[in-house]
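Input: a single structure, listed below in structure tokens.
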Amino acid sequence: MKIYFIVICYYGFLAAGIYYFFLSGPSAAEAGYVKKNRSYSMLKAIIDLLNNMAHRIGAVLRKSGRGKGPFTKNRILEILEYEKDLYITAEAFFGYKSILAFLLIIGGGYIGSSLPYSILFGVAGAITGYFLPDMIVNRFAARISEDIDRELSYIIDLLRISTLSGQNIYNSFSVFIEKYNGRICYDLRSFIRDIDMGAGKDYAYRSLIERNKSKQFRELMSVLMEADRYGSPINGILVQRSRQINFENWDNAERKAKKMSLLSLLPLIFLILPAFMLLVGGPLIYSLASGVFS
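In this text, residue positions in the sequence shown follow my numbering: the first is 24, and each later residue adds one.
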């Protein structure tokens, strides 16, 4: 009975996740499916209710002394709100961690056939539930950095076109945000907003570099900050960085292709080859063993 309950819950969560990502995807928005379907608004209301409940739980726990400390995932949660229309506060994030840990403690204790196994599964469930949201957010952040690295050469080309027309860095970023829609645009909007609010360019550059985890983008912004500080022309810098980034991307793609070719041999070594040896040598081993022990 337990295994049926676990399987039903697993497929229920899986179906709900697929359904949500289908509704929140760009294809559904382009087809107008999101606006016409009432179930999306109902699903959004349920998600908002869960976020509110998680926020209340997280706020209570943080006030009681748990979960204090600097929260380093604000940028990822803001990008998630900008792209997926999911508003999750720091308190709600901590509340989700606590809720998942509590639910998996109960699930682990329910699965265990005896008291030691129940305690073991409960502890494992608590650790998994508490750190699972962090792993999901970190994976989302790594995917954002990969997308930025992949788009960086196009970004540099568009910035170079803007600078060739006589625009400075600030105006080039403004034109770039208007003409391009990518994940890097969120950080560039923050850069422009910092300057518009009266912060200095050095502060805006440093804040932009600290928020982003892409190594290539951080190096590019550092070079642009030095060039903007000393009034150096940036056209040649952009050309040089574009060539270097294209070479690095090509080298990374070639290295990943070699790695995938090696990984494709693992099924052959660990699955197909043992099965072939068992199929060919199995009858021979059986006949020899029957002759020895008979």
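For every residue, glycine included, the Cβ atom is placed at its ideal position computed from N, Cα and C. Note that the structure is a prediction, hence the values are computed from the model and not measured.
By the Cβ rule, the region 69 to 79 counts as touching the region 113 to 125, because three or more pairs are nearer than 8 Å. With 16 or more other Cβ atoms from the protein chains shown falling within 10 Å of its own Cβ, Gly81 counts as buried.
Around the CB of Lys202, fewer than 16 other CB atoms lie within 10 Å, so the residue is classed as exposed.
Here the alpha carbon of Arg166 sits roughly 18 Å from the alpha carbon of Leu109. The residue among Glu249, Asp219 and Ile111 with its C-alpha nearest the C-alpha of Arg229 is Glu249.
Judged by their CB atoms, Ser237 and Asp172 are nearer to each other than the 8 Å cut-off. The way I'd put it, the region 139 to 155 doesn't touch the region 170 to 187; fewer than three beta-carbon pairs between them come closer than 8 Å.
By a beta-carbon distance limit of 8 Å, Ile215 contacts Phe196. Their separation comes to about 6 Å.
For Asn275, the uninterrupted alpha helix (DSSP H) segment begins and ends at Asn258 to Leu286. Comparing C-alpha distances from Ile184 to each of Leu285, Arg98 and Gly259 shows the shortest one belongs to Gly259.
Residues Ala124 and Ile128 of the same chain have their beta carbon placed closer than 6 Å to that of Ala149, with the five preceding and five following residues left out of the count.
Residue nearest to Ile102 within the set Gly304, Arg212 and Phe299 is Arg212 (criterion: CA-CA distance). For Asn194, the enclosing alpha helix (DSSP H) covers residues Ile192 to Lys202. Residue state for Ile171 is assigned as helix, using DSSP reduced to three classes.
Between Ser121 and Ile179 the beta-carbon gap is near 43 Å, outside 8 Å, which marks them as no contact.
One Cα belongs to Ser245, the other to Leu126, and the distance between them is close to 45 Å. Of the other Cβ atoms in all chains shown, 16 or more fall within 10 Å of the Cβ of Gly131; this residue is therefore buried. DSSP places Leu289 within a helical segment (H, G or I) once states are collapsed to three. Membership of Arg206 in any alpha helix (DSSP H) is not indicated, and neither H nor E is assigned to it by DSSP.
Distance between Tyr253 and Asp225, taken at the CA atoms: about 12 Å. Comparing alpha carbon positions, the residue from Met220, Ile207, Gly304 and Asp217 closest to Gln239 is Ile207.
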